[in-house]
Every structure is written in structure tokens, then in C-alpha cells.
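**Q** Per UniProt numbering, the sequence shown starts with residue 1, numbered consecutively.
We treat Cβ as the ideally placed atom computed from N, Cα and C, and that holds for glycine.
This one's a predicted model, so the numbers in the text were calculated from it and none came from an experiment.
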Amino acid sequence: MVTAAPTSPASPSSTSTDFPGTVFLFGELLADCFPDREIPGGAPFNVAHHLCGLAGSQILRPLLISRIGQDARASRLLAACRAAGLSSEGIQHDGQHPSGRVEVTFSQTNGLHRFDIPPQQAWDFIDGAACEALLLAHRPRLIYFGTLAQRNNVSRAALKRLLSRSRTNGFLDVNLRPPWVGKDVLHWSLNQADTLKLNEDELAELATLFSPGDDAPQAQAERLARQFRIRCLLVTRGARGAWLFERERGWRESVVASSAVPIIDTVGAGDAFSAVFLLGLQLKWAPADCLERANQFAAAVCGLRGAVPSDADFYLPWRQRWGLERKKPA
1 MVTAAPTSPA SPSSTSTDFP GTVFLFGELL ADCFPDREIP GGAPFNVAHH
51 LCGLAGSQIL RPLLISRIGQ DARASRLLAA CRAAGLSSEG IQHDGQHPSG
101 RVEVTFSQTN GLHRFDIPPQ QAWDFIDGAA CEALLLAHRP RLIYFGTLAQ
151 RNNVSRAALK RLLSRSRTNG FLDVNLRPPW VGKDVLHWSL NQADTLKLNE
201 DELAELATLF SPGDDAPQAQ AERLARQFRI RCLLVTRGAR GAWLFERERG
251 WRESVVASSA VPIIDTVGAG DAFSAVFLLG LQLKWAPADC LERANQFAAA
301 VCGLRGAVPS DADFYLPWRQ RWGLERKKPA
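Right, dumping it as C-alpha cells:
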């Protein structure tokens, strides 16, 4: 196990370490529909929400790129973005397709959740020309993207246009939701990733597809990283913490300590992990700190119903602990 604490280099498109810098978050903005309530969600929204709550626009500017319909749900999703401090500049409007939703149900036997994601939602039709205009206006430090938002050819083409015209690093958050993700999408996405985040089950699936072998998960992850030239690979393991593999530095491991906060659900825990690790990359935290803090924050989010807090004060102790208290405008 590696004991050195290497620094994480800035994006190639960044010539300055001055903040704030812009991070693009591309993909689904939708409502997670639980049996008793509806909560705004979608991995890019969740990550952007946490970045706003933890860092605020004076440290980092998250810009969500998505698409919503012209319906009552769209109004609620926009209100949630405003409440979180997110700009709506990157949110497109669609007069033909409904705003996104996911039906979330829980198993009575094991407590795990299941997602039912209807097809042909507004976020499946993100316009590439509008994405490119944002790119020219903001020159992001990093582009966060996933696999679910590529289930439709329109949004997939928009993401390809965005990444092909940018020299910035890609942060790929794998989200395998059968039957929506194919091998071709995964192969292309892995080739765009400087940082890859996935869980143990997703690692096993990718290893079967691209680097089969009857060996340990760490060996599978290392092969994937080297095959696709991924600099930083993160494997989350729920209550058992996470691994971090850096292609030039080797392995680190972090274990989550027992929490006094009872688990309500695990929806969005992976997004919380991604948000803190992404923030740490931009602020040049040591990799060990990125890993440990991401684990701690993800565990705390499991104490919420849904992926994001309804009260912004949830973020206050984390900002204080990590020295992220916002400065007052001059």
C-alpha cells in the first residue's frame, strides 16, 4: 500500500490555481419519486448541489448542463436549483418531452432500493450546440459525466461534442442501470476519463466486458486503469469504505468508521462521494484526504431521505471541518 501523498495535478486547460473555477456537470436532472414524496435528483444535480453547499460559488462554480420539460415538475426542479445556489444557465427547456423522473422502491427483504427509469425524458435530448456555447463562455476546469445520460443518441452526441471540443479532464461516474447502457457507450466513456469512479459491482461488470480474468477486484481495477489510461480510479464499497488506485502511485484504502447517524437510505451516497472527491481534486487536497473525506461525507448522506439535504445547514459542520467557510463579498 502506498504511503506517499502525491498531489493531484490541475486540469490541462487550467493555467492558474485561482478560484473560483467552473466545473461542468452533464446529464440527468430529474425527480426521485419515493413512495411518500418526490425529491429532486439525478447524479449530476446531486453532485452539483453538494459542491454548492460545501464550497459555494466563491471557491468553485458548478454548472449543471441538463434539460427539463415545460411542466409542473420542471418548475419544481428549477426551484430546487435556485434553492441550492445553482445557476440555471446550462438547463435547457424542452416542449416535447417531460421532465425526468425515477420511481424509487425498496425491497422489504434486504432494504435495498430499485430504480425504474422511464424512457424518452427531457434529459435524453440535451442540445449539443448549446453545450458548445457554454464551453466557449466558461472554459471549465473539469467535466463530470456519467453513463446513464448517454442512453439516447441525442444527449450522447451532445456529450461527445462537448468533450471533443474541450481539453479539460473528464470525471466519469459510472451508473449502470440495465438495460440502458451498452458496451460501446462504456468503451467510449472510459477512453474519456482521467478519473473514474464506480462501485464493486460495476467494477466486476466492466472487468468482465473489457479485461476478463478470474482474479481479485484490485487486479481488475488496475488492469482497467492501465488499459484505458485512467490516472485515478475510485472503487466505493459501501460501509467498507473505498479504494483509490493512481496509475503512477499505486493503491490506497479507506474504511468508514461506525457512524452514530442511522441509515435512512443509500440513495445518492455515491454522488456524495464523487462531489467531495471532485472538490478535493480542484483544491489539491492530498489523495488520502480526498478519499477519507469523501467516505465520511457519503456515510452522512445515508442519514437523509434522498440524495441531498433539504436544509443547507447540513453542510455547515463539513465546511468548518475542512476549512471551507465562505468569505463575505468585499
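So, helix, strand or coil for residue 146, using DSSP?
**A** As a working mapping, residue 146 is identified with position 146 in the sequence shown. Note: residue 146 maps to strand in three-state DSSP.
**Q** Please classify residue 220 as buried or exposed, where buried requires at least 16 neighbouring CB atoms within 10 angstroms.
**A** Walking along the sequence shown from the start, residue 220 turns up at place 220. A buried status is given to residue 220, since no fewer than 16 other beta-carbon atoms sit within 10 Å of its beta-carbon.
**Q** On the DSSP bridge assignment, give the partners of residue 26 in chain order.
**A** As a working mapping, residue 26 is identified with position 26 in the sequence shown. DSSP lists 65 as the beta-bridge partner residues of residue 26.
**Q** Quick test of the definition: if touching needs 3 or more C-beta pairs under 8 Å, does the region 131-145 touch the region 153-171?
**A** yes
**Q** Check the C-beta distance from residue 345 over to residue 282 and give it rounded, since I have them as a contact under 8 Å.
**A** In this structure the chain extends from 1 to 330, so residue 345 is not present and cannot be described.
**Q** Are the C-beta atoms of residue 194 and some chain B residue less than 7 Å apart?
**A** No chain B is part of this structure, which consists of one protein chain only.
**Q** When DSSP labels each residue in this structure, what does residue 115 get in the three-state scheme?
**A** For the purposes of this step, residue 115 is taken as the residue at position 115 of the sequence shown. DSSP, reduced to helix, strand and coil, places residue 115 within a strand of the structure shown.
**Q** Considering just the uninterrupted stretch of the beta strand (DSSP E) at residue 247, what are its terminal residues?
**A** In the sequence shown, the residue the question calls residue 247 occupies position 247. That residue, residue 247, is in no beta strand (DSSP E); it is neither H nor E in DSSP.
**Q** Which class does residue 40 belong to by DSSP, given the choice of helix, strand or coil?
**A** For this step, residue 40 is matched to residue 40 along the sequence shown. Looking at residue 40 - three-state DSSP - the assignment turns out to be strand.
**Q** When you compare only the Cα positions, how much space is there between residue 82 and residue 88?
**A** Here residue 82 refers to the residue found at position 82 of the sequence shown. Here residue 88 refers to the residue found at position 88 of the sequence shown. So the alpha carbons of these two residues sit roughly 8 Å apart.
**Q** May I ask you to report which of helix, strand or coil DSSP gives residue 8?
**A** For this step, residue 8 is matched to residue 8 along the sequence shown. With a pLDDT of 37 at residue 8, under the threshold of 50, the predicted position of this residue should be treated as unreliable, though the coordinate-derived value follows. Correct three-state label for residue 8: coil.
**Q** Using a threshold of 7 Å, state whether the C-beta atoms of residue 308 and residue 293 are closer than that.
**A** Indexing the sequence shown from 1 puts residue 308 at position 308. Indexing the sequence shown from 1 puts residue 293 at position 293. No, Cβ-Cβ distance for residue 308 and residue 293 is not below 7 Å.
**Q** Between the Cα of residue 25 and the Cα atoms of 238, 302 and 173, which residue gives the shortest distance?
**A** For this step, residue 25 is matched to residue 25 along the sequence shown. The shortest C-alpha separation from residue 25 is found at 173.
**Q** By DSSP, does residue 129 sit in helix, in strand, or in coil?
**A** Here residue 129 corresponds to residue number 129 of the sequence shown, with the count starting at 1. Helix, per DSSP.
**Q** Note down, in chain order, each residue of its chain lying with its Cβ closer than 8 Å to the Cβ of residue 72, except the 5 sequence neighbours on either side.
**A** Here residue 72 corresponds to residue number 72 of the sequence shown, with the count starting at 1. No residues qualify anywhere along the chain.
**Q** Residue 103 by DSSP, collapsed to three states: which one?
**A** Mapped onto the sequence shown, residue 103 falls at position 103. Strand.
**Q** Let me know if residue 325 comes out buried or exposed under the rule of 16 or more other beta-carbons within 10 Å of its beta-carbon.
**A** Position 325 of the sequence shown, counting from 1, holds the residue named residue 325. So residue 325 ends up on the exposed side.
**Q** Looking at the strands, I want to know which residues DSSP matches up with residue 235.
**A** To locate residue 235, count along the sequence shown from 1; it is residue 235. According to DSSP, which records beta bridges pairwise, residue 235 is partnered with 198 and 243.
**Q** Hey, would you say residue 46 sits closer than 7 Å to residue 311, going by beta carbons?
**A** Residue numbering aside, residue 46 sits at position 46 when the sequence shown is read from its first letter. Residue numbering aside, residue 311 sits at position 311 when the sequence shown is read from its first letter. No. Outside cutoff.
**Q** Looking only at its chain, what residues have a beta carbon closer than 6 Å to the beta carbon of residue 85, apart from the 5 residues adjacent to it on each side?
**A** Translated into the one-based positions of the sequence shown, residue 85 becomes position 85. Excluding positions up to five away in sequence, the list reads 52.
**Q** By the 10 Å Cβ neighbour count, where 16 or more other Cβ atoms means buried, how is residue 245 classified, buried or exposed?
**A** Taking the sequence shown and counting its residues from 1, one reaches residue 245 at position 245. Buried, because 16 or more other Cβ atoms sit within 10 Å of the Cβ of residue 245.
**Q** Determine the DSSP secondary structure at residue 310, reduced to helix, strand or coil.
**A** Start at 1 with the first residue of the sequence shown, and residue 310 comes out as number 310. Three-state DSSP puts residue 310 in coil, outside helix and strand.
**Q** Quick check on this structure: which residue in 28, 23 and 157 has the alpha carbon closest to the alpha carbon of residue 98?
**A** Taking the sequence shown and counting its residues from 1, the one referred to as residue 98 is at position 98. Ranking 28, 23 and 157 by Cα distance to residue 98 puts 28 first.
**Q** Which same chain residues end up closer than 6 Å to residue 269 when comparing Cβ atoms and leaving out the 5 residues on each side of it in sequence?
**A** Position 269 of the sequence shown holds residue 269. Sequence-distant partners of residue 269 (beyond 5 residues in either direction) whose C-beta falls short of 6 Å from its own C-beta, in its chain, are 298, 301 and 302.
**Q** Here's the rule: buried if 16 or more other CB atoms are within 10 angstroms of the residue's CB, otherwise exposed. What is residue 323?
**A** Here residue 323 is taken as the residue at index 323 of the sequence shown, counted from 1. Exposed, since its Cβ has fewer than 16 Cβ neighbours within 10 Å.
**Q** Are there 16 or more other CB atoms within 10 angstroms of the CB of residue 115, so buried, or fewer, so exposed?
**A** Taking the sequence shown and counting its residues from 1, the one referred to as residue 115 is at position 115. Under this definition residue 115 is an exposed residue.
**Q** Mind checking who residue 95 pairs with in its DSSP beta bridge?
**A** If you number the sequence shown from 1, residue 95 lands on position 95. DSSP output for residue 95 lists no bridge partner at all.
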